[in-house]
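Novice: Please read through the structure below; I'll follow up with questions.
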Amino acid sequence: MTAANRAGKWSMVLLLAVSALACASPQPPERDSGQVSREAHARRNLGVDHLLKGRTAVAIRELNHAAVLDPADASTQLWLGEAHRRQRRLKNAQDHAERAVRLDPGLHSARLNLSGLYLQLGLYPEAAEQVQVLLDDPTYETPWQALNNRGWAEFQLGHDEEARRSFQEALEFAQNYWPARLNLGILEESVGQGRAAIVEFQKVIANSPQSAIAEANFRVAELYVSMGERQHAISHFEASVDSAPRGKWSERSRELLELLR
460 MTAANRAGKW SMVLLLAVSA LACASPQPPE RDSGQVSREA HARRNLGVDH
510 LLKGRTAVAI RELNHAAVLD PADASTQLWL GEAHRRQRRL KNAQDHAERA
560 VRLDPGLHSA RLNLSGLYLQ LGLYPEAAEQ VQVLLDDPTY ETPWQALNNR
610 GWAEFQLGHD EEARRSFQEA LEFAQNYWPA RLNLGILEES VGQGRAAIVE
660 FQKVIANSPQ SAIAEANFRV AELYVSMGER QHAISHFEAS VDSAPRGKWS
710 ERSRELLELL R
């Protein structure tokens with residue numbers, strides 16, 4: 460399976476431009492650095508709040524204000540990167556994510572986000588490099604997340620055994636970490652180990668968010684179709700629809716159910 464095909468199987472800068480002439484309006488009073496820093500952090504926190512509530516455009520505006528006030532704040536750049544990623548402005552997201560890591564190389568969340576963004580962009584060696592920095596850091600507290608990202612990079616590069624070890628190691632740290640479990644199932648499916656894939660997907664179904672359960676049910680159903688087990692396939696397509704009725708996996712399940720019934 461090519462990297463492009465593998466990617467197909469996987470579901471895992473607006474800068475404020477202010478032009479003003481010095482003579483057009485009186486200069487604002489000077490503020491001390493502490494006041495500027497407090498305002499920058501307040502703007503950043505407000506932007507993060509907007510982002511988490513789904514108001515991405517408003518979040519970008521507030522985060523850009525924060526970045527102007529404090530250009531050296533890595534957290535602001537981290538969140539700007541995530542905001543642009545959610546709007547599919549991946550080049551802008553990459554610029555901000557890389558800036559966050561340059562500003563604070565020890566900010567683990569920034570480096571993990573950068574590795575994930577590289578995966579999304581298809582920059583698999585670059586993603587693996589960022590992940591390795593995290594795994595070599597004894598202070599990094601969630602190695603299973605980095606191992607999952609490394610596994611996906613290895614999988615996309617065609618290094619199936621290395622990828623399997625990375626996913627399995629992630630699950631040794633956190634056995635209920637469903638992204639690694641789901642990815643392990645996808646790997647097993649890709650190398651023709653359908654029964655082993657079903658085992659992993661069933662574990663995702665047993666203990667994961669609804670969207671992940673919908674995807675796992677869909678993938679199990681597809682495997683049962685390939686095995687000629689029609690009733691089992693129908694059951695899992697129906698379960699996918701029930702798990703997340705408005706999600707993309709339920710839509711695909713409905714389409715296939717029409718063909719099977």
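In this note's numbering, the protein residues as written are 460 to 720.
Don't be surprised by glycine CBs; every beta carbon is placed ideally from N, CA and C.
In this structure, how does DSSP classify G610 when only helix, strand and coil are distinguished?
Specialist: helix
Novice: Can you look up P668 in the DSSP assignment and give me helix, strand or coil?
Specialist: coil
Novice: Between which two residues does the alpha helix (DSSP H) holding T535 run?
Specialist: A533 to R545
Novice: Assuming L537 and S568 make a contact with CB atoms under 8 Å, what is their CB distance in whole Å?
Specialist: The pair is a contact, with the Cβ atoms about 6 Å apart (cut-off 8 Å).
Novice: Over what stretch of residues does the alpha helix (DSSP H) that includes L646 continue unbroken?
Specialist: W637 to S649
Novice: Is it true that the CB of H555 sits closer than 8 Å to the CB of H543?
Specialist: yes
Novice: Can you name, in chain order, every residue of its own chain whose Cβ lies under 6 Å from the Cβ of Y683, other than the five neighbours on each side?
Specialist: H691 and A692
Novice: Specify the secondary structure class of K512 as computed by DSSP and reduced to three states.
Specialist: coil
Novice: State the Cα-Cα distance for the pair L528 and H500, rounded to the nearest angstrom.
Specialist: 9 Å
Novice: Where does L716 fall in DSSP's three states?
Specialist: helix
Novice: I'd like the list of long-range same chain contacts for R711, defined as Cβ closer than 7 Å, with 5 residues on each side in sequence excluded.
Specialist: F677
Novice: Flag this pair as yes or no: are the beta carbons of A671 and L641 separated by less than 8 Å?
Specialist: yes
Novice: So, A559 versus A518, is the Cβ gap smaller than 8 Å?
Specialist: no
Novice: G706 by DSSP, collapsed to three states: which one?
Specialist: coil
Novice: Helix, strand or coil for Q589, going by three-state DSSP, please let me know.
Specialist: helix
Novice: Return helix, strand or coil for L582, following the three-state DSSP convention.
Specialist: coil
Novice: Between which two residues does the alpha helix (DSSP H) carrying E620 extend?
Specialist: D619 to F632
Novice: Just checking A692 against the ligand GDP - is the residue's beta carbon closer than 7 Å to any of the ligand's heavy atoms?
Specialist: For the structure depicted, the ligand GDP is absent and the ligand set is empty, with no information on it obtainable.
Novice: On the three-state DSSP scale, how would you describe Q661?
Specialist: helix
Novice: Would you mind sorting Q591 into buried or exposed? The rule is 16 or more other CB atoms within 10 Å of its CB.
Specialist: exposed
Novice: Give a yes or no on whether the C-beta atoms belonging to L562 and A531 are separated by under 8 Å.
Specialist: yes
Novice: Hey, A673 and G644: beta-carbon distance below 8 Å or not?
Specialist: no
Novice: In terms of alpha-carbon separation, which member of L576, A698 and T598 lies closest to W611?
Specialist: L576
Novice: Give the range of the alpha helix (DSSP H) segment to which E557 is assigned.
Specialist: L549 to L562
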